[in-house]
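Number of protein chains: 2
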Amino acid sequence: MRIGELAQRASVSVRALRYYEEQGLLLSTRSPSGQRHYGEPAVDRVQLIQHLYSAGLTSKTIADLLPCVDAKVSTPESRARLTFERDRIDAQIAELTQARDKLDAMIALTGTPASGCAYV
Amino acid sequence: MRIGELAQRASVSVRALRYYEEQGLLLSTRSPSGQRHYGEPAVDRVQLIQHLYSAGLTSKTIADLLPCVDAKVSTPESRARLTFERDRIDAQIAELTQARDKLDAMIALTGTPASGCAYV
DNA sequence: CTGGGACCTGACGTTGACGTCAGGGGCATG
DNA sequence: CATGCCCCTGACGTCAACGTCAGGTCCCAG
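If you read the sequences in order, they're chains A and B.
Per the working numbering, residue 6 is the first one in the first sequence, and the count goes up by one each step.
Per the working numbering, residue 6 is the first one in the second sequence, and the count goes up by one each step.
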């Protein structure tokens with residue numbers, strides 16, 4: 006498929022896909038005229054990339070780790086890195102949970118009619 | 006206390022505190038020569054601001070919501086906003102949890118060469 | 001009174017993941 | 001062969017939360 010279709014199917018922009026390729030995260034075969042073509046697995050790969058981005062990994066980190074996943078091999082460094090990122094995400098989840106509780110407290114504080122609520 | 010001490014006690018940079026004031030998140034009294042002075046509650050307030058930032062709220066959102074918390078008063082809009090942000094954080098936690106599980110799978114896939122390698 | 005921290009106000013620099021625009025080609029359809 | 005849509009490569013713009021630098025002020029100890 007061409008880049009437009011992949012973009013639609015993976016719910017990302019065409020620009021993002023070109024950026025992923027620029028960062029070494031996504032490969033494409035080129036037609037003689039230079040147009041990018043992708044196979045079916047590209048859809049899943051893009052979604053994996055999106056997941057890792059939304060988990061707060063940078064392009065460089067993803068670029069370092071994806072080849073290990075592709076090759077299904079790991080070095081001590083890549084394992085340490087994966088574990089490090091996993092722990093970072095755990096910490097971030099904890100932080101978000103705490104922030105959510107703070108927000109709940111704010112909602113309770115400002116939102117209960119008993120504690121003085123100004124309806125407009 | 007002056008800005009340097011507040012920065013230390015709240016574990017943020019001096020620049021960040023000036024930025025918070027610029028964004029309307031943090032007030033200060035000024036000495037005749039223009040230096041900022043803060044009371045004890047400023048420490049907690051800065052930490053609350055930090056929590057909200059780390060939860061992904063923007064300066065503008067925080068600026069909109071903090072006065073409601075200060076006044077312990079809410080409008081239907083502010084409650085909707087608080088609830089919206091709370092739900093957004095919940096979704097983000099779910100996303101992070103999913104990403105963490107993906108990372109765990111990657112660790113399992115690449116990290117145990119002895120066990121069979123499943124295809125993704 | 002003199003040195004040296006801590007502080008002040010601009011104002012430009014940084015980083016990451018793209019958005020967007022300019023200028024030009026590819027290709028199927030009428 | 002023209003038209004309309006998709007594609008290409010640069011390359012500059014964006015946004016947020018600060019970092020950093022320049023040039024000047026404040027204040028306390030010695």
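Here a beta-carbon is modelled for each residue, glycine too, at the ideal position from N, C-alpha and C.
Note that the coordinates shown come from a computational prediction; the quantities given were computed from them, not determined experimentally.
- If you check the CB distance, residue 112/A and residue 84/B come in under 8 Å.
- When the five nearest sequence neighbours on each side are left out, the beta carbons in the same chain lying within less than 8 Å of the beta carbon of residue 11/A are those of 22, 43, 47, 48, 51, in order along the chain.
- Around the beta-carbon of residue 105/A, 16 or more other beta-carbon atoms lie within 10 Å, marking it buried.
- Taking the C-beta atoms as reference points, residue 82/A is found no nearer than 8 Å to residue 62/A.
- Interface residue (Cβ-Cβ distance to chain B less than 8 Å): residue 112/A is classified as such.
- In the DSSP annotation of this structure, residue 37/A is not part of any alpha helix (DSSP H), being labelled neither H nor E.
- Residue 65/A and residue 58/A have their C-alpha atoms some 11 Å from each other.
- Taking the beta carbon of residue 104/B as reference, the chain A residues within 7 Å of it are 56, 57, 59, 60, 94, listed in sequence order.
- Taking all protein chains in view, the Cβ of residue 79/A is crowded by 16 or more other Cβ atoms within 10 Å, so the residue is classified as buried.
- The alpha helix (DSSP H) runs lying completely inside the stretch 10 to 60 of chain B and spanning 4 residues or more are 19 to 27, 46 to 59, given in chain order.
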